[in-house]
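Novice: What follows is a single structure, and I will ask about it in a moment.
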Amino acid sequence: MTGRSSALLALCLGAVCTLPGCGIAPTGLVRAGEPATGIREPGGGYTTARIFFLSPVGIQAVSRHERTPAGPQRAMDLLLAGPTPAERARGLITEVPDTVGPLHAAAATGAVDVDLPVPVAELQPAAVSQIACTAAHSAVPGGRPPTEIDVRLHEPGGLPWTLHCSDSGNAFPVLPAAG
Numbered sequence: 003m004t005g006r007s008s009a010l011l012a013l014c015l016g017a018v019c020t021l022p023g024c025g026i027a028p029t030g031l032v033r034a035g036e037p038a039t040g041i042r043e044p045g046g047g048y049t050t051a052r053i054f055f056l057s058p059v060g061i062q063a064v065s066r067h068e069r070t071p072a073g074p075q076r077a078m079d080l081l082l083a084g085p086t087p088a089e090r091a092r093g094l095i096t097e098v099p100d101t102v103g104p105l106h107a108a109a110a111t112g113a114v115d116v117d118l119p120v121p122v123a124e125l126q127p128a129a130v131s132q133i134a135c136t137a138a139h140s141a142v143p144g145g146r147p148p149t150e151i152d153v154r155l156h157e158p159g160g161l162p163w164t165l166h167c168s169d170s171g172n173a174f175p176v177l178p179a180a181g
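With the sequence shown counted from 1, adding 2 to any position gets you our numbering.
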């Protein structure tokens, strides 16, 4: 490229860069309302409760919309109500027997206590996982992730079973620390 064509190119680029500013008056501060606050949940005011059911491929969580955060007792009530017709159509079932009766649950910091009306040995392993993982995913104070929530299943006349819920929705016992 010659010196003359380089100068012409520079002149054209300079003109193109300055033309967009022509005719635009400077503006002052523009008030535009409240600052952005983030994305709101669809439907406004709903929270999600995670309830665990059994599918043909294993334990699966479903989401239920609740107006208030679903604490452990509400989560147990939803679990005992069983899958909705739409969830049943997707092949979801519950292994928690109707004969279990009410489950009483209460949250503590980083833990949930669930009172069972029957011994743990009378429940299928999938039912124990459904109960423990539903409890662990409820609104539990303390800021722990669900996999670190201590779920204590209290059976009649026995010591509590302390369980954790895995990412895959299976409950496993918490072994006492070696001393």
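Note that CB positions come from ideal geometry on N, CA and C, so glycine has one too.
1. Relative to the C-alpha of Gly159, which residue among Leu56, Pro119, Val114 is closest?
2. Hey, quick one: how far does the beta strand (DSSP E) through Pro175 stretch, first residue to last?
3. Pull the bridge partners of Glu68 from the DSSP assignment, please.
4. Name, in chain order, the residues that DSSP records as bridge partners for His106.
5. Say whether the segment 80-95 touches the segment 160-177, bearing in mind that this needs 3 or more beta-carbon pairs closer than 8 Å, one atom from each stretch.
6. Tell me which residue opens and which closes the alpha helix (DSSP H) that Val153 is part of.
7. Expressed to the nearest angstrom, what Euclidean distance is found between the alpha-carbon atoms of Pro104 and Glu97?
8. Considering Leu82, what are the terminal residues of the alpha helix (DSSP H) in which it resides?
9. Quick check on the burial criterion: 16 or more other C-beta atoms within 10 angstroms. Buried or exposed for Thr67?
10. Please say whether Thr101 and Pro71 have beta carbons closer to each other than 8 Å?
11. Determine the DSSP secondary structure at Ser57, reduced to helix, strand or coil.
12. Check the DSSP bridge columns for Thr164 and list the partner residues they point to.
13. What separation, rounded to the nearest whole angstrom, lies between the Cα atoms of Ala91 and Ala107?
14. Please classify Gln132 as buried or exposed, where buried requires at least 16 other C-beta atoms within 10 Å of its C-beta.
15. So the candidates are Leu177, Phe54, Cys135, Arg69; which of them puts its Cα closest to the Cα of Val114?
16. Per DSSP, which residues does Ile95 bridge with? Please list them.
17. Taking DSSP's pairing of strands, which residues face Ala179 in a bridge?
Specialist: Quick look at the numbers:
1. By 1-based counting over the sequence shown, the position of residue 159 is 157. If we check each option's Cα against that of Gly159, Pro119 comes out closest.
2. Stepping through the sequence shown from its first residue, residue 175 is reached at position 173. Element bounds for Pro175: 173-175.
3. As a working note, residue 68 is residue 66 in the sequence shown. Answer is Thr49.
4. Sequence index remark: in the sequence shown, residue 106 carries index 104 (1-based). Its beta-bridge partners are Asp117.
5. no
6. Here residue 153 refers to the residue found at position 151 of the sequence shown. No alpha helix (DSSP H) contains Val153, which is instead part of the beta strand (DSSP E) from 152-156.
7. Start at 1 with the first residue of the sequence shown, and residue 104 comes out as number 102. Start at 1 with the first residue of the sequence shown, and residue 97 comes out as number 95. Going from the Cα of Pro104 to the Cα of Glu97 covers about 15 Å.
8. Reading the sequence shown from its first residue, position 80 is the one you call residue 82. Counting along the chain, the alpha helix (DSSP H) containing Leu82 begins and ends at 74-83.
9. Counting from 1 along the sequence shown, the entry for residue 67 is found at position 65. Sequence inspection shows His at residue 67; the Thr mentioned does not correspond to that position. Label assigned to His67: exposed.
10. To locate residue 71, count along the sequence shown from 1; it is residue 69. To locate residue 101, count along the sequence shown from 1; it is residue 99. No. Outside cutoff.
11. Here residue 57 refers to the residue found at position 55 when the sequence shown is read from its first residue. DSSP places Ser57 in strand when its eight states are reduced to three.
12. For this step, residue 164 is matched to residue 162 along the sequence shown. Arg154.
13. Reading the sequence shown from its first residue, position 89 is the one you call residue 91. Reading the sequence shown from its first residue, position 105 is the one you call residue 107. Distance between the alpha carbons of Ala91 and Ala107 is about 29 Å.
14. By one-based count along the sequence shown, residue 132 stands at place 130. Gln132 is buried by the Cβ-count criterion.
15. By one-based count along the sequence shown, residue 114 stands at place 112. The shortest Cα separation from Val114 among Leu177, Phe54, Cys135, Arg69 belongs to Cys135.
16. Here residue 95 refers to the residue found at position 93 of the sequence shown. Note: Ile95 sits in a beta bridge opposite Leu56.
17. Counting from 1 along the sequence shown, the entry for residue 179 is found at position 177. According to DSSP, Ala179 bridges with nothing at all.
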